[in-house]
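To keep things clear, I will list the structure first and then write my remarks on it.
Number of protein chains: 4
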Amino acid sequence: MSESNDPSPEGYARNPWWETSIIDMEPGVIRYFGYPIEELIGNLSFAQMIWLMLRGEIPTKGQASLLDAALMSGVDHGPQAPSIAIARMAATCGVGLNNAMATAINVLGDVHGGAGEQAVELFQNIAAAVDSGQVLEDAVRDEIAKYVAEHGKYIPGYGHRFHPIDPRAPRLMEIVGLAAEDGVVPGRVRDIAMAVEASLADKSRGKSVPMNIDGATAVIYAELDFPAPLARGLFCLSRAVGILAHAWEQQCQGGRNKGPIPRNELPVYSGPAQRPVPGDI
Amino acid sequence: MSESNDPSPEGYARNPWWETSIIDMEPGVIRYFGYPIEELIGNLSFAQMIWLMLRGEIPTKGQASLLDAALMSGVDHGPQAPSIAIARMAATCGVGLNNAMATAINVLGDVHGGAGEQAVELFQNIAAAVDSGQVLEDAVRDEIAKYVAEHGKYIPGYGHRFHPIDPRAPRLMEIVGLAAEDGVVPGRVRDIAMAVEASLADKSRGKSVPMNIDGATAVIYAELDFPAPLARGLFCLSRAVGILAHAWEQQCQGGRNKGPIPRNELPVYSGPAQRPVPGDI
Amino acid sequence: MSESNDPSPEGYARNPWWETSIIDMEPGVIRYFGYPIEELIGNLSFAQMIWLMLRGEIPTKGQASLLDAALMSGVDHGPQAPSIAIARMAATCGVGLNNAMATAINVLGDVHGGAGEQAVELFQNIAAAVDSGQVLEDAVRDEIAKYVAEHGKYIPGYGHRFHPIDPRAPRLMEIVGLAAEDGVVPGRVRDIAMAVEASLADKSRGKSVPMNIDGATAVIYAELDFPAPLARGLFCLSRAVGILAHAWEQQCQGGRNKGPIPRNELPVYSGPAQRPVPGDI
Amino acid sequence: MSESNDPSPEGYARNPWWETSIIDMEPGVIRYFGYPIEELIGNLSFAQMIWLMLRGEIPTKGQASLLDAALMSGVDHGPQAPSIAIARMAATCGVGLNNAMATAINVLGDVHGGAGEQAVELFQNIAAAVDSGQVLEDAVRDEIAKYVAEHGKYIPGYGHRFHPIDPRAPRLMEIVGLAAEDGVVPGRVRDIAMAVEASLADKSRGKSVPMNIDGATAVIYAELDFPAPLARGLFCLSRAVGILAHAWEQQCQGGRNKGPIPRNELPVYSGPAQRPVPGDI
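Structure, rendered in structure tokens:
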């Protein structure tokens, strides 16, 4: 996968402190994983380019469609999501759109942006257990139990505190199903994910804990063979769109130093009562 | 453009401190600008969704193709760009991919990420001058002069310190030309941008200052009627891809606390020589 | 102010791409502006070290006391301030304390964190006008008028939407007054700032627009001869304390994905009513 | 520790979604942990205020001195540290000082900013083992072995890739020793930390792995009873000073889009050789 002795263009030196397989440049030349940029422009969609940049190869049309679906479905969940509220608040503080976007993307951490990555790992663990000879239902039950023991009761990719059924998940699963029928993806992770859903319903005595957007996009990313950490990275790209849209809408609405609640509402104070500063500090 | 008295779903209250036209939610329901998410999924590409989120309407296929081209062409310019180097350095400091992305997107400020926005403004100013009756060449010359007087010698969107000709620009302009022939866009900004290029060459006595990626994408964004600040926002979405790819590559390469230069190279020190701390501070 | 030909320690090279007067290092040696670190430790307070790092010299005790007062008085204004609310929200999203701090400091932009810098500039402009021969009252009136013409009605450093009188400002001004009496600072900026306050009251026909924390700390920073942009930098250092305290308190309180308002409150939606996705996109 | 039914000031409501013990406000009134701000100003140093904000009480002078020493000693390690280089690079990209600071503080993650927190945890684990009846030397050996098994070979707080002996550490330990003699702190963590150093030297067969700045400040924070995560938070406050100083110095030096290495040096490219884009994507 390498061209290790690429010569340096005249007047330039190659500094080995920085090394990349992604991009090669010479004056007047830009190539991504070997493809000249002027041949890519006009032939690759944005989603196809995202794939190329992360995987090093150009995806098939079917793969790109699935990636498109995953990326476009997670863009926004409104100002109750901390990332979106923070983007809007930042936009009223006198910073640029790039800063507002960075501020919001920064909070897509383990709890807010990590569920996709964690779900991919869970699905991969179940697949590995099946590969080692376990029956699917047993592997699902055991891996869920392990997950709960290590990380607590929230199973990443399942359940939603607002939506009884997350309207994005069944539609995405339908699309994955069609892609599996067409041979675009194996469909194995989809089966695992549905077995997890069944197992959770079983465990909750019929009260369903249905798959959510993080679970459904994790199925797609895992079917497409993305490493788990990139599920978070791809979610960040996706949510960046909603973050930009809300920062921009807020900027157009105006406002200065917008706080979380109306200004005539104060937080509850639960600290010590008023007291004087001692004289001898 | 509004449905001002949308009822609150049962058990929920509408809090007017937060107001948006982008997304409406009820339990089990998500709509973007009125479109139910489950109808959008599978029908809109990522680029089309970006357009919907920023413009409120679904673009035509032709518009979406142009947006795709602009977004995919600016993803990366390698580790010499501060944003990319910073993404890679951040990845070695023990933070998540979301944090590495935020760190890098944050520096896409006026100098590093603002050229597209500034170029759109320049093109719009020239268009306005022509609308007021000036001949194109005069408007171009006057607006360039005004820009230089206010902001200094760098004309946003033209010239490149590395590429004699930025290979992305002519290819993007070719695509805009085809889109104008097909009636997808008016083509007027393209003409203005080429007049700016001609004027700069003229002014530099034949030494060309050719259009760069920022200028070419600015032409597309302006042809598609995006407000100038969104040119920066869209560049942030685009560059976020390269930022993610490089942060991920660096994470896979390993390394801890990667600084800008090899560790046996020290900065030049130009401060006072060694001196003792005075006794009486 | 320089030791331009400092030799490189053995095995190390000096790379002129990076140059600094702040710190010089050799293996086993760290000096800040020439002072060996082991002589500084135990002799300089944190505020004195902040001064040394920004100014290149060790402050007098009187200067350090004033800097201490300015830094300690701006640490926090509670969760209604976007910076503090954002720090708390970030802490519930699964990111580190460093990330929560960065997220919040990032929004201390022109509107939220820039008033001190802008007030220093206003005071300096008035001082320059007086130096050019204008009477103080005229200079104040003219510079306020210029400021309003360029930036709008908010005079940086004066007025508060919550406090009729900001309790920090008079106390800080009292301390500056004592420092002026003791010869620690000239007291000239204090006189200018009080003349601005008087002029604003006059203009508002007796309704006072009293100095706020930004104005009072700007007086201190300007009396101590800090360049205007450092007024913002110092405010960031100061507010970083409240940001850390609130992020930490929130982390101890727990919570996941804390949004701006209680979860049973939805934003008002003001976009298009529900509509189908057209068939031919 | 609470005043749960504090009345709301007239015209204001208390919103329980936000709750804090740190600050209480009414129009014209600001109190931190019960202390009116106007009584604190002029009486507390910046370091004392930091303590109050994080601990809820005013420290003794001896405690404040130790905190001062820890905070002032970690401000900067020059542009080879990713945080400092990133601050400088950000300053050339057209963002505000607050944004440059946030960008840099953001990378003080587990690897770059977490060693203090990890060292406090290690010291606390050793103390707990001793409390359970183990001899100090055995507890040290066992806890180091556990740490290595879980986290790898780097012991947080010990060793430095640049300094054979970090000049900050022995001086800080001397100060802690004096504080222990004066009864300001127990001195127990200092003993543990020195036992760790001895054990590491022993293990490395005489080749010392001496305590570094992270270890020495961790001793101070642990002696002062700060919870481990605040060791990272306090390091962020400390390093923020160097970050600001370098961002400011770089801003004054000028430069646009400063990358990590001189512009005539290119990264090494190790990806696929040039190849054409296939026709059928």
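Residue numbers (the working numbering), protein chains in the order written: chain A, 4 to 284; chain B, 4 to 284; chain C, 4 to 284; chain D, 4 to 284.
The C-beta atom is built at its ideal place from N, Cα and C for all residues, glycine as well.
{"Check": "Residue environment, residue 134 of chain B, which counts as buried when at least 16 other CB atoms sit within 10 Å", "Outcome": "exposed"}
{"Check": "Beta carbon proximity, residue 98 of chain A to chain D, threshold 8 Å", "Outcome": "yes"}
{"Check": "Option nearest residue 160 of chain B by Cα separation, candidates B:83, B:203 and B:92", "Outcome": "B:203"}
{"Check": "Neighbour list for residue 264 of chain C in chain A, Cβ cutoff strictly below 8 Å", "Outcome": "83, 263 and 264"}
{"Check": "Residue 169 of chain D beta carbon less than 8 Å from that of residue 213 of chain D", "Outcome": "yes"}
{"Check": "Residue 18 of chain C, DSSP secondary structure in three states", "Outcome": "strand"}
{"Check": "Chain B residues whose Cβ lies nearer than 8 Å to that of residue 92 of chain D", "Outcome": "85, 88, 89, 110 and 263"}
{"Check": "Exposure of residue 124 of chain A, with buried meaning 16 or more beta-carbon neighbours within 10 Å", "Outcome": "buried"}
{"Check": "Rounded separation between residue 225 of chain D and residue 197 of chain A - CA only", "Outcome": "49 Å"}
{"Check": "Residue-chain proximity (residue 61 of chain B, chain A), Cβ-Cβ < 8 Å", "Outcome": "no"}
{"Check": "Sequence ranges, alpha helix (DSSP H) only - wholly within the segment 134-169 of chain D, length at least 4", "Outcome": "139-154"}
{"Check": "Distance CB(residue 126 of chain C)-CB(residue 192 of chain C) smaller than 8 Å", "Outcome": "yes"}
{"Check": "Closer than 8 Å to chain B by CB, residue 102 of chain A", "Outcome": "yes"}
{"Check": "Terminal residues of the alpha helix (DSSP H) in which residue 271 of chain B lies", "Outcome": "Careful: residue 271 of chain B lies outside any alpha helix (DSSP H), inside the beta strand (DSSP E) at 268-272."}
{"Check": "Member of C:216, C:65 and C:163 whose CA lies at the smallest distance from the CA of residue 241 of chain C", "Outcome": "C:216"}
{"Check": "Spatial neighbours of residue 148 of chain B in its chain, beta-carbon cut-off 6 Å, leaving aside the 5 residues before and after", "Outcome": "none"}
{"Check": "Integer Cβ distance of residue 65 of chain B from residue 187 of chain B, believed to fall under 8 Å", "Outcome": "4 Å"}
{"Check": "Beta-carbon proximity list for residue 272 of chain B, same chain, < 7 Å, skipping 5 on both sides", "Outcome": "none"}
{"Check": "Selected residue, minimal CA-CA separation from residue 199 of chain A, among A:236, A:150 and A:154", "Outcome": "A:150"}
{"Check": "Exposed unless 16 or more other CB atoms sit within 10 angstroms - verdict on residue 51 of chain B", "Outcome": "buried"}
{"Check": "Interface residues of chain A facing residue 281 of chain D [CB-CB closer than 8 Å]", "Outcome": "61"}
{"Check": "Residue 106 of chain C vs residue 109 of chain A beta-carbon contact at 8 Å", "Outcome": "yes"}
{"Check": "Below-8 Å beta-carbon distance, residue 11 of chain C vs any chain B residue", "Outcome": "yes"}
{"Check": "CB contact below 8 Å: residue 58 of chain D versus chain B", "Outcome": "no"}
{"Check": "Within chain A, partners of residue 269 of chain D - CB distance below 9 Å", "Outcome": "11, 12, 15, 16, 17, 18, 21, 27, 28 and 29"}
{"Check": "Residue 91 of chain D, enclosing alpha helix (DSSP H) - first and last residue", "Outcome": "85-94"}
{"Check": "Under 8 Å between C-beta atoms of residue 20 of chain D and residue 264 of chain A", "Outcome": "yes"}
{"Check": "Cβ-based neighbour list, residue 120 of chain D, same chain, cut-off 7 Å, excluding 5 preceding and 5 following", "Outcome": "231, 232, 234 and 235"}
{"Check": "Per-residue burial, residue 253 of chain D [other beta carbons within 10 Å of its own, 16 or more giving buried]", "Outcome": "buried"}
{"Check": "Whole-angstrom distance between residue 117 of chain C and residue 221 of chain C, CA atom to CA atom", "Outcome": "11 Å"}
{"Check": "Interface flag, residue 115 of chain C vs chain A, CB-CB below 8 Å", "Outcome": "yes"}
{"Check": "Cβ-Cβ distance between residue 115 of chain D and residue 267 of chain B below 8 Å", "Outcome": "no"}
{"Check": "For residue 1 of chain D, three-class secondary structure by DSSP", "Outcome": "The question about residue 1 of chain D has no answer here: the residues shown for chain D are numbered 4 through 284."}
{"Check": "Closer than 8 Å to chain D by CB, residue 47 of chain A", "Outcome": "yes"}
{"Check": "Residue 184 of chain A - containing beta strand (DSSP E), residue span", "Outcome": "Where residue 184 of chain A is concerned, there is no enclosing beta strand (DSSP E), although the alpha helix (DSSP H) it sits in stretches over 171-184."}
{"Check": "Residue 162 of chain C: contacting residues in chain D (beta-carbon distance under 8 Å)", "Outcome": "Those do not exist, as residue 162 of chain C stays about 13 Å from chain D at its closest Cβ, beyond 8 Å."}
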